[in-house]
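Working notes, beginning with the structure itself.
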Amino acid sequence: MALEQTFSIVKPDATRRNLTGKINAKLEEAGLRIVAQKRILMTRAQAENFYGVHRERPFFNDLVDFMISGPVVVQVLEGDNAVARNREVMGATNPANAAPGTIRKEFAESIEANSVHGSDSLENAKVEIAYFFSGCEIVG
Ligand code: CMP
C-alpha cells in the first residue's frame, strides 16, 4: 500500500456547529493522520481559485459564497491510500446518497453544506496542499 497525503477542508457548516473534533475523530479512526491543520477565513479570491474547475457550473457562485461564510479548517491527511480512504470516510457528495457511518451521512446538511471537502486524486491533492500549506507546516 502506498503512503499518500491528501487535502481536506472542514467546511463552514461544520465549524459553525462545532463539529471539527467529531470530524477529526472520524478521520483518525479511519487510519488517517492529521499532519497539518489550520483554521482560516478564506478570501473570495482564494475560494474562487480553489474551486476554479467548477467556474462554469451553475452552483459556482453559491459555493464560493458558502465557503467564505465562516471559518474553515484546512488539513493535510496522511496514510495508506489516503486519497481513497478519505473519500470513503467522507461519503458521497450529496448526503442523501452517503453510506451510513460516513461524515456526510452523519453531519452534512445539504449537497452544498456537506461538511467536508477531500481531494479527488493524488495529482489534485498535491496542488491543493501546496495552495494552502508550505512544506515546513506539514509535520508527518
Ligand atoms: P466539494 O468536494 O467541496 O467540491 C465541490 C463542491 O461543490 C462539492 O463538494 C459540493 O459541496 C458543492 N456543490 C454544490 N452543488 C453541487 C452540485 N449540484 N453538484 C456537485 N457539487 C455541488
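Residue numbering for the sequence shown follows this note's numbering, starting at 19 and increasing by one per position. Even glycine gets a Cβ: it sits at the ideal position worked out from N, Cα and C.
Pairwise C-alpha distance: residue j and residue i
{"i": "G158", "j": "K56", "result": "15 Å"}
{"i": "E146", "j": "Y69", "result": "10 Å"}
{"i": "N112", "j": "L45", "result": "19 Å"}
{"i": "N115", "j": "G136", "result": "17 Å"}
{"i": "L37", "j": "T120", "result": "14 Å"}
{"i": "F77", "j": "V71", "result": "12 Å"}
{"i": "A43", "j": "G49", "result": "10 Å"}
{"i": "A110", "j": "V53", "result": "24 Å"}
{"i": "S87", "j": "I129", "result": "16 Å"}
{"i": "E141", "j": "R35", "result": "31 Å"}
{"i": "Q23", "j": "S139", "result": "10 Å"}
{"i": "L81", "j": "E74", "result": "12 Å"}
{"i": "V90", "j": "N67", "result": "16 Å"}
Beta-carbon proximity of residue i to residue j, cut-off 8 Å
{"i": "M85", "j": "A65", "result": "yes"}
{"i": "E96", "j": "R51", "result": "yes"}
{"i": "I7", "j": "V134", "result": "With the chain covering 19 to 158 only, the question about residue 7 has no answer from this structure."}
{"i": "L21", "j": "D98", "result": "yes"}
{"i": "V94", "j": "I156", "result": "yes"}
{"i": "E127", "j": "D31", "result": "yes"}
{"i": "K29", "j": "N132", "result": "yes"}
{"i": "A143", "j": "F25", "result": "yes"}
Environment of residue i [buried if 16+ CB atoms lie within 10 Å]
{"i": "T33", "result": "buried"}
{"i": "T61", "result": "exposed"}
{"i": "R122", "result": "buried"}
Cβ shell of residue i (< 7 Å), same chain only, five flanking positions each side left out
{"i": "F150", "result": "V92"}
{"i": "M19", "result": "D98 and N99"}
Kindly provide the chain-ordered list of residues whose Cβ lies closer than 5 Å to any non-hydrogen atom of the ligand CMP.
Chain-ordered list of matching residues: F77, L81, I129, E130, N132 and H135.
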